[in-house]
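>
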Amino acid sequence: MKRLISQYLFLILGGAIIVVGMVVAIVNFWSHNPLSNRVMISAPATKEVSLTSGKHHLFYEFDSKQLDLGVLQLKKEEKFNNISSLVSVKIVKVSDNTEILLVKDSTMNFTLNDTRGESLYSFEIVEEGNYGIEVSPTVELPKSVTFSIVNDFSNSLLGIFKHAGIGVLISIPFLLIGWYMYAREARKNYVTP
32 MKRLISQYLF
42 LILGGAIIVV
52 GMVVAIVNFW
62 SHNPLSNRVM
72 ISAPATKEVS
82 LTSGKHHLFY
92 EFDSKQLDLG
102 VLQLKKEEKF
112 NNISSLVSVK
122 IVKVSDNTEI
132 LLVKDSTMNF
142 TLNDTRGESL
152 YSFEIVEEGN
162 YGIEVSPTVE
172 LPKSVTFSIV
182 NDFSNSLLGI
192 FKHAGIGVLI
202 SIPFLLIGWY
212 MYAREARKNY
222 VTP
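To get my numbering, take the position in the sequence shown, counting from 1, and add 31.
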């Protein structure tokens with residue numbers, strides 16, 4: 032039994048360290064998920080929000096329900112087509128009234144329960160602080176429209192890989208020692224009749 036434990040102990044420890052690293056990465060992502068900290072704005076509105084430095088996205092949010100009836104799948108979305116032409120968005124820094132440059136960006140989407148978000152703009156915040164966001168319709172809209180500001184997802188995804196990579200790096204010496212111990216015991220068993 033002692034031989035068996037010494038043969039596999041370091042391999043088990045290395046594997047356990049990798050699993051713990053993956054679990055820590057996933058828990059860290061869920062606790063720092065950008066969608067949980069999103070700032071929501073209903074148009075027409077002017078709102079003052081505190082934004083951190085870094086890249087942000089402005090999303091158009093709408094109801095999106097999907098019914099799965101086995102062979103038939105139905106999707107119902109309540110959204111405006113080409114919403115960026117129906118509303119104007121302006122973001123300014125409160126302290127000096129500097130306007131933030133908005134870049135059209137439709138590369139990101141998210142689905143959260145029955146809400147779907149499509150990115151309209153991305154923008155860079157250089158200095159953390161309070162910013163005024165003004166969303167006003169350019170035409171009469173039959174109902175209110177919801178937008179949200181979300182931190183860039185790529186930083187959160189990089190954080191997952193960073194934490195998982197640290198777990199793998201820590202486990203490498205244990206896996207190498209475990210492989211050596213396993214090979215040594217296997218060689219002894221092969222040589223000994």
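Quick reminder that beta carbons are idealized off the backbone N, C-alpha and C, glycines included.
Thinking just about the alpha-carbon of each residue, which of 139, 51 and 160 is nearest to the one in residue 79?
Counting from 1 along the sequence shown, the entry for residue 79 is found at position 48. The shortest C-alpha separation from residue 79 is found at 160.
> Looking at C-beta atoms only, is the number of pairs between the region 149-168 and the region 198-205 that lie closer than 8 Å three or more?
Short answer: they don't touch.
> Give a yes or no on contact between the region 38-48 and the region 114-121, applying the rule of three or more CB pairs nearer than 8 Å.
The region 38-48, when compared against the region 114-121, does not touch it at the 8 Å Cβ threshold.
> Report the option in 192, 93 and 120 whose CA atom is closest to the CA atom of residue 134.
As a working note, residue 134 is residue 103 in the sequence shown. Closest option to residue 134, Cα to Cα, is 120.
> Does the region 136-151 come close enough to the region 165-173 to have 3 or more Cβ pairs within less than 8 Å?
With a cut-off of 8 Å, the region 165-173 and the region 136-151 do not count as touching, because too few Cβ pairs lie within range.
> Whose CA, out of 69, 179 and 198, lies closest to the CA of residue 76?
In the sequence shown, the residue the question calls residue 76 occupies position 45. Here the closest residue by C-alpha is 179.
> Kindly indicate which three-state DSSP category residue 158 falls into: helix, strand or coil?
Here the question's residue 158 lines up with position 127 in the sequence shown. Coil at residue 158, not helix or strand.
> Going by other Cβ atoms of all chains shown within 10 Å of its Cβ, with 16 needed for buried, is residue 192 buried or exposed?
What you label residue 192 is simply residue 161 of the sequence shown in a count that begins at 1. Residue 192 should be labelled exposed.
> Under three-state DSSP, which class holds residue 92?
Locating residue 92 in the sequence shown gives position 61, where the first residue counts as 1. DSSP places residue 92 in strand when its eight states are reduced to three.
> Relative to the C-alpha of residue 90, which residue among 82, 153 and 43 is closest?
Here residue 90 refers to the residue found at position 59 of the sequence shown. If we check each option's Cα against that of residue 90, 153 comes out closest.
> Roughly how many whole angstroms lie between the Cα atoms of residue 68 and residue 40?
Here residue 68 is taken as the residue at index 37 of the sequence shown, counted from 1. Here residue 40 is taken as the residue at index 9 of the sequence shown, counted from 1. Approximately 42 Å, taken between the alpha carbons.
> Using alpha carbons as the reference points, say which of 195, 199 and 215 lies closest to residue 59.
Residue 59 sits at position 28 when you count from the first residue of the sequence shown. It is 195.
> Could you give the DSSP three-state label for residue 69: helix, strand or coil?
Here the question's residue 69 lines up with position 38 in the sequence shown. Residue state, collapsed to three classes: coil.
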